[in-house]
DNA sequence: GACTGTGAAGCCATTCACAGCT
DNA sequence: AGCTGTGAATGGCTTCACAGTC
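As structure tokens, this is what we get:
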């Protein structure tokens, strides 16, 4: 009975391993070692083994891991042995891109409702989905049993939209708005913040050679 | 002379502090304490002070920090005292969304070239920019002095495109393709991987109450 | 009294190194 | 011989707690 807390970073890596293994499976590879996985995704081999060890013993000493079995275990660990309906708030450019994003379907994600409060957008179709007014959200969440919501509205509206989602039963939020959402009650939030990510690049590019001689 | 290595997580937070401070400035607030910043962005106050201390002493004991000055320092630290031209490979839905993303301009980012190898897309216009064939990339990089590239092409093409960018002088890559890029030579890479992010949510939502009784 | 800056302590993730299995 | 699984060691980020300053 393991009750160790699993690091968030481990979960991220499991997801990456999982995708790498699926590609190996498609290439007809049946067995893989932690060294090969590590090489393939750019991490330390011991880390691969430790990450897996949080959840069980999936390998065979002297041999390695069965690709297909490990893939199945990983998908189950990540909760991907079921489909995940998603709702999306914000039918702007980003929202459109997300609706048509191909990477979702293969992992069991499907956007089942798109919402906006802009009358100019409501009623338009995005990838077979009607853009609905926010008031319809509760109904869609119930009908599909949605637990995860995506926030892709302008920053000024993000907090309000997130609260509305949570009020209607959403348990986890993927937030693209460049603000820190203030939500309590054990709601899981992940932020995708492009400016922040780019700025970690500009920092590194700016002060690469000149090891930190900032002289402000 | 500080030569301490600055944690990557610190850089990420500086970027977040910076945006928070700009909002305070717009609201007419002139002075702020580490406690207030911490509260506003959801971190520990000591962490705010430690993060800033890597780069200097910006505050006044007993008083706090001057909002406008600290904002300016942070922008300089992050390399945002200059504009950053970007190139974008991949003129699909995601590419379009990125071209019109409003969050970039206010932070000094500007996409100056969009490239694709799909003849059906070349020549089309996205947000005032012509979609160009990949062969034009070297010229655009040189003309604008581009150092950062965005990869928004399908996964199968990502590695090749990234190598092409690096070969033509790009020093940092923001990668949206769901693959691990294998690039050497001190090139900075940041991955924005929506499936991975969503899967850390499905994991947490799946095994929230049921503290990890996986029974695979 | 209020708040910053920082050494020290605490904590958590990573890496090492090797026992154990095939 | 080859590779996994894991206790121990390491390294690094976070938090505490308080001296120092206004």
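Protein chains in written order, with our numbering: chain A, 1 to 216; chain B, 1001 to 1216. Virtual Cβ for every residue (Gly too), placed ideally from N, Cα, C.
Taking the CA atoms as reference points, residue 202 of chain A sits about 16 Å from residue 1144 of chain B. Closer than 8 Å to the CB of residue 115 of chain A there is not a single CB belonging to chain B.
The C-alpha of residue 24 of chain A is placed about 17 Å away from the C-alpha of residue 58 of chain A. For residue 147 of chain A, there is no enclosing alpha helix (DSSP H), as DSSP marks it with neither H nor E. From the beta-carbon of residue 1107 of chain B, the residues of chain A found nearer than 8 Å are 195, 198 and 199.
Looking at the backbone, the Cα of residue 1036 of chain B and that of residue 1019 of chain B are separated by about 14 Å. Under the criterion of beta carbons closer than 8 Å, residue 1091 of chain B and residue 1126 of chain B qualify as touching, at roughly 6 Å. Among the CB atoms of chain A, none fall inside 8 Å of the CB of residue 1065 of chain B.
The C-beta of residue 33 of chain A comes no closer than 8 Å to any C-beta of chain B.
For residue 1101 of chain B, the nearest beta carbon of chain A is closer than 8 Å to its own beta carbon. Apart from the 5 residues on each side of it in sequence, residue 77 of chain A sits with its Cβ closer than 8 Å to the Cβ of 14 and 55 in its chain, given in chain order. As DSSP reads the structure, residue 1133 of chain B sits in a beta bridge with B/1116.
In this model, residue 101 of chain A and residue 152 of chain A are separated by some 14 Å (Cα to Cα). Within chain A, 199, 202 and 203 have C-beta atoms less than 7 Å from the C-beta of residue 1078 of chain B, given in sequence order. Residue 148 of chain A and residue 87 of chain A have their C-alpha atoms spaced approximately 7 Å apart. For the C-beta of residue 188 of chain A, the chain B residues within less than 7 Å are, from N- to C-terminus, 1201, 1204 and 1205. Closest in C-alpha terms to residue 1061 of chain B, from the list B/1043, B/1033 and B/1044, comes B/1033. Any Cβ of chain B closer than 8 Å to the Cβ of residue 180 of chain A would place that residue at the interface, and such an atom is present. Within chain B, the C-beta atoms nearer than 7 Å to that of residue 171 of chain A come from 1205, in chain order.
Annotation: the continuous beta strand (DSSP E) that includes residue 1188 of chain B extends over 1188-1191. Contact annotation for residue 42 of chain A against chain B: 1180 and 1182 [CB-CB distance below 8 Å, chain order]. Listed along chain A are 93, 96, 97, 98, 99, 100 and 101, each with a C-beta nearer than 9 Å to that of residue 1093 of chain B.
Closest option to residue 1180 of chain B, judged by alpha-carbon separation, among A/28, A/11, A/39 and A/172: A/39.
Think of a sphere of 7 Å around the beta carbon of residue 8 of chain A: the chain B residues whose beta carbon falls inside it are 1200, in chain order. When DSSP assignments are scanned along the region 1028-1109 of chain B, the uninterrupted stretches of beta strand (DSSP E) that are 3 or more residues long and fall wholly within it turn out to be 1064-1066 and 1084-1089. Its Cα nearest to that of residue 132 of chain A, the residue A/113 stands out among A/109, A/7 and A/113. Residue 8 of chain A and residue 51 of chain A have their C-alpha atoms spaced approximately 11 Å apart. Residue contact check for residue 71 of chain A against chain B: no CB pair falls below 8 Å. At a cut-off of 8 Å between C-beta atoms, residue 19 of chain A counts as an interface residue with respect to chain B. Of the candidates B/1183, B/1011 and B/1081, B/1183 places its Cα closest to the Cα of residue 1164 of chain B.
Note on geometry: alpha-carbon atoms of residue 29 of chain A and residue 67 of chain A lie some 7 Å from one another. Membership of residue 1009 of chain B in the alpha helix (DSSP H) is indicated by the continuous run 1008-1026.
Exclusion of the five residues before and after residue 107 of chain A leaves 80 as the residues of its chain whose Cβ lies within less than 7 Å of its Cβ.
The Cβ neighbour count for residue 1103 of chain B, taken over all protein chains shown within 10 Å, is at least 16; the residue is labelled buried. Straight through space, the alpha carbons of residue 95 of chain A and residue 73 of chain A are spaced by roughly 32 Å.
The alpha-carbon of residue 53 of chain A is positioned some 12 Å away from that of residue 11 of chain A.
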